[in-house]
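These notes concern the structure reproduced below.
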Amino acid sequence: MPFPASIKEFIRGFYYSFPVQLFILHLRRYQVFLVFWFILVSAINGNFMSSFGADALFLAPEYLGEVSGWGMIIVGAAAGIFIMSWNITTFIMHSSQFKFLATTSKPFLKYCINNSIIPLLFLFFYIGKSIYFDIHNELLSWSKVFLLISGLIAGIISAIVTAFLYFFRTEKSMMRTMEPVFRDPKAFAKQFGIGGKHFHEKGLPIKWFFNTKFQLKMPRNVSHYSQEFIDTVFKRHHFTAVISIILAFLFLALIGLLMDEPFFIIPAAAAIFLFFSILIAASGALAYWLRSWGFPVLMLFVLLLNFLFQKEIIDPRNKAYGINYTNREERPVYDRDSIMALCSIDKMEADKQKMIAVLNNWKTHQAKAKPLLYLINVSGGGTRSATFTFNVMQHLDAIMQDNLMKKTFLINGASGGMLGAAYYRELRRLQQEGKPVQPYDPQYAENISKDLLNALFSSFVTRDLFAPAQQFTAGKYKYAKDRGYAFEEQFSRNTDKLLDYPLKSLIADEHAAKIPLMFFNSTITRDGRKMMISTQPISFMMRNWPDPAAGLVTDADAIDFAAMFKKQDPYDLRLLSTLRINATFPYVLPNVWLPSSPIIDVMDAGMRDNFGQESSLRFLNVFKDWIAANTGGVVFIQIRDRKTGEWDDGYEDASITGMFTKPIMTLQYNWMKMQDYYQGEMLEYADNSFPFPFRKITFSYEPPPKQKGAALNFHLTRDEKIDLKMALGSAGNSSAFAAVSALEQEAVLNGKRPE
Numbered sequence: 107m108p109f110p111a112s113i114k115e116f117i118r119g120f121y122y123s124f125p126v127q128l129f130i131l132h133l134r135r136y137q138v139f140l141v142f143w144f145i146l147v148s149a150i151n152g153n154f155m156s157s158f159g160a161d162a163l164f165l166a167p168e169y170l171g172e173v174s175g176w177g178m179i180i181v182g183a184a185a186g187i188f189i190m191s192w193n194i195t196t197f198i199m200h201s202s203q204f205k206f207l208a209t210t211s212k213p214f215l216k217y218c219i220n221n222s223i224i225p226l227l228f229l230f231f232y233i234g235k236s237i238y239f240d241i242h243n244e245l246l247s248w249s250k251v252f253l254l255i256s257g258l259i260a261g262i263i264s265a266i267v268t269a270f271l272y273f274f275r276t277e278k279s280m281m282r283t284m285e286p287v288f289r290d291p292k293a294f295a296k297q298f299g300i301g302g303k304h305f306h307e308k309g310l311p312i313k314w315f316f317n318t319k320f321q322l323k324m325p326r327n328v329s330h331y332s333q334e335f336i337d338t339v340f341k342r343h344h345f346t347a348v349i350s351i352i353l354a355f356l357f358l359a360l361i362g363l364l365m366d367e368p369f370f371i372i373p374a375a376a377a378i379f380l381f382f383s384i385l386i387a388a389s390g391a392l393a394y395w396l397r398s399w400g401f402p403v404l405m406l407f408v409l410l411l412n413f414l415f416q417k418e419i420i421d422p423r424n425k426a427y428g429i430n431y432t433n434r435e436e437r438p439v440y441d442r443d444s445i446m447a448l449c450s451i452d453k454m455e456a457d458k459q460k461m462i463a464v465l466n467n468w469k470t471h472q473a474k475a476k477p478l479l480y481l482i483n484v485s486g487g488g489t490r491s492a493t494f495t496f497n498v499m500q501h502l503d504a505i506m507q508d509n510l511m512k513k514t515f516l517i518n519g520a521s522g523g524m525l526g527a528a529y530y531r532e533l534r535r536l537q538q539e540g541k542p543v544q545p546y547d548p549q550y551a552e553n554i555s556k557d558l559l560n561a562l563f564s565s566f567v568t569r570d571l572f573a574p575a576q577q578f579t580a581g582k583y584k585y586a587k588d589r590g591y592a593f594e595e596q597f598s599r600n601t602d603k604l605l606d607y608p609l610k611s612l613i614a615d616e617h618a619a620k621i622p623l624m625f626f627n628s629t630i631t632r633d634g635r636k637m638m639i640s641t642q643p644i645s646f647m648m649r650n651w652p653d654p655a656a657g658l659v660t661d662a663d664a665i666d667f668a669a670m671f672k673k674q675d676p677y678d679l680r681l682l683s684t685l686r687i688n689a690t691f692p693y694v695l696p697n698v699w700l701p702s703s704p705i706i707d708v709m710d711a712g713m714r715d716n717f718g719q720e721s722s723l724r725f726l727n728v729f730k731d732w733i734a735a736n737t738g739g740v741v742f743i744q745i746r747d748r749k750t751g752e753w754d755d756g757y758e759d760a761s762i763t764g765m766f767t768k769p770i771m772t773l774q775y776n777w778m779k780m781q782d783y784y785q786g787e788m789l790e791y792a793d794n795s796f797p798f799p800f801r802k803i804t805f806s807y808e809p810p811p812k813q814k815g816a817a818l819n820f821h822l823t824r825d826e827k828i829d830l831k832m833a834l835g836s837a838g839n840s841s842a843f844a845a846v847s848a849l850e851q852e853a854v855l856n857g858k859r860p861e
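Residues in the sequence shown are numbered from 107 upward in steps of one, following my numbering.
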């Protein structure tokens, strides 16, 4: 049965209403602007980068160390800026489709009202997800959730109202300048050419639109207006919009200059909203100023930047703070001959004897003639791994009656795990020096679990992009402030600035074995070799020990940082920089370039060895004779932020696009598992060759069944912090703690190699 005429007219009127036609227009043209909305919705819904905790950044933003209404206000304001940036840009791009607005008052306000379908859908979705997340993941009360949502809404409204106040003021100014022309028909005809070209282009077929009082109105026929008049009105509004974008850029640059104060470190979600706003606004500005020349000019600009970068006129690369980048003539050559010279047999033997002296120093601190030698390997995994590692070491130390650091000779590993291990080692070092430190204080575990992402994202948006010229001094040299610097400063604040000193401050204590030795690793992007930073010479770690008689002579697969950069003040490197280099997660933190010839850059240790086992086994192989003669065996403690095997966590993609993405995604998803496989095989070979008793004990973070584990990033929710603490009591970890306790009571490995 056909619809009545009134229903047909309603459907037709609804379909050709301005809001619906704008919504369809966004789907038809410049769909790239919808990508930003899609990314935001996917991130908030937990579909995009969920394993990295992207949803928590939006749903429970931290500001000044806590989830609060102030943080939500800032995120809301940034979301409001993003919405207005999108409105401004699409207003500029699509103005030819709704020329009738030029004949109305406050055309931009009317456009925003009718263009609100996508923003409103997003905000309803965002608020709903925030309420659920804050109650179930942040474990907040309803009153606190109400406060947070109120802050979000208040921030959005404040940003939008501020933007409209700016536009209203400029529109009044514009109308004052044009009013004399409107009132004088001759002047109007002369300026806008009544007899000239009139507007006959076909725009959107609009039948209704909402005015500023949210009343439905029919659009005015503009066919009798000249093209010059319509263009003049829109161009003046476009110019006003572009000026607002420039003012926003200047404001972000100002925030970047003030970022050393924690008050100006905005939540990561706000930084992401602002970054997307910048990308959208920049495209709008290009479209306004350059029209069809936008893309060619952009390509020329990229080529110019590339030329300036190659000539080192501009240099946005991140550096290792403390070492010398100025003595260009003395930079070490990075080639096979130079690297192999650093690990000649004579050099390896000399460094081996120096390390044996350190081992002898360690032995003098032990209570038994043949003590157990502990090695600790920690895995990468951001703040998740740092927190779990710290919690495990606290518990282990209690079981061992405050002797964990005394009995441990080497700590090795990657990324976040090394952050937690270095912090715990420092607490014990300060306690040895008589400082008022209580390593078991829960506040220290809280410190290591504090947010690091806010500083990173804030710096990227406000400093890396808009204020890259700021400098600071580390040791004798100056460096640019960027998100690498922001990470170090935030980590230093989180840990009460206890780790803010150069490597040379540790040389004496590590040589005397008062504290465990630490190997800080990273991966050279040029060839995948490992860059190893230590306070002691370690050329014997650069390659397997040569055996020419057996034909076993290999190239170096690792570099001794201090030996290679001996003329660049290697021991002046900040410990904070050393830790950051070890934990340089791709894109989140900038790769660190080193002053060699040719220049090399390094990134996260986890790319090569996420668990530290590769280096530890090489160390044990080099010193196996000393260990067999001087110890009761080796206790190999591994602290992991994920369980082994992970049968229930396989990569699956049933979509048709999976056929194209599976090859690369399989490699990315299974990278750590493949390291597990080959390192397990290495461990078996090593175990069978060791002339001393050997025992491996593993602690792993395993979330409760059917529950999403803590995210792999530099931010933890309250629920994740509790989960990481509770993981110590899992069946596997309880068994591992019991095994350590039993070893402490026996103090021997029964003279054999235990299973």
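C-beta atoms are modelled at their ideal positions from N, C-alpha and C, and glycine is treated no differently.
How would you label residue i, buried or exposed, when you count the other beta carbons within 10 angstroms and need 16 or more for buried?
i: residue 454; result: buried
i: residue 832; result: exposed
i: residue 567; result: buried
i: residue 242; result: exposed
i: residue 192; result: buried
i: residue 512; result: buried
i: residue 653; result: exposed
i: residue 466; result: exposed
i: residue 405; result: exposed
i: residue 132; result: buried
i: residue 128; result: buried
i: residue 412; result: exposed
i: residue 115; result: exposed
i: residue 410; result: exposed
Just to confirm, are residue i and residue j a CB contact at a threshold of 8 angstroms?
i: residue 717; j: residue 781; result: yes
i: residue 195; j: residue 419; result: no
i: residue 871; j: residue 733; result: This structure does not reach residue 871, given that the chain is present from 107 up to 861, and the question cannot be answered.
i: residue 521; j: residue 662; result: no
i: residue 214; j: residue 188; result: no
i: residue 588; j: residue 565; result: yes
Roughly how many angstroms separate the alpha carbons of residue i and residue j, rounded to a whole number?
i: residue 706; j: residue 532; result: 30 angstroms
i: residue 321; j: residue 558; result: 48 angstroms
i: residue 257; j: residue 724; result: 55 angstroms
i: residue 505; j: residue 847; result: 6 angstroms
i: residue 261; j: residue 141; result: 24 angstroms
i: residue 599; j: residue 360; result: 22 angstroms
i: residue 816; j: residue 502; result: 22 angstroms
i: residue 485; j: residue 517; result: 11 angstroms
i: residue 651; j: residue 659; result: 8 angstroms
i: residue 399; j: residue 349; result: 20 angstroms
i: residue 190; j: residue 117; result: 30 angstroms
i: residue 739; j: residue 477; result: 8 angstroms
i: residue 842; j: residue 548; result: 22 angstroms
i: residue 123; j: residue 221; result: 11 angstroms
i: residue 244; j: residue 184; result: 22 angstroms
i: residue 284; j: residue 698; result: Below a pLDDT of 50, predicted positions are generally treated as unreliable, and residue 284, at 47, falls in that range; no measurement from the model is reported.
i: residue 788; j: residue 649; result: 15 angstroms
With distances taken Cα to Cα, identify the nearest neighbour of residue i among the options.
i: residue 727; options: 703, 680, 745 and 800; result: 800
i: residue 169; options: 596, 834 and 624; result: 596
i: residue 434; options: 749, 827 and 704; result: 704
i: residue 700; options: 660, 632 and 648; result: 632
i: residue 647; options: 843, 636 and 423; result: 636
i: residue 865; options: 269, 528, 589 and 249; result: One cannot answer for residue 865 here, as it falls past the ends of the chain, which runs 107 to 861.
i: residue 824; options: 134, 165, 115 and 137; result: 165
i: residue 845; options: 830, 790 and 743; result: 743
i: residue 436; options: 582, 456, 126 and 671; result: 671
Per DSSP, residue i forms a beta bridge with which residues?
i: residue 482; result: 517 and 743
i: residue 598; result: BP columns for residue 598 are empty, so no partner.
i: residue 700; result: 706
i: residue 577; result: 586
i: residue 618; result: Per DSSP, none; premise fails for residue 618.
i: residue 680; result: 608
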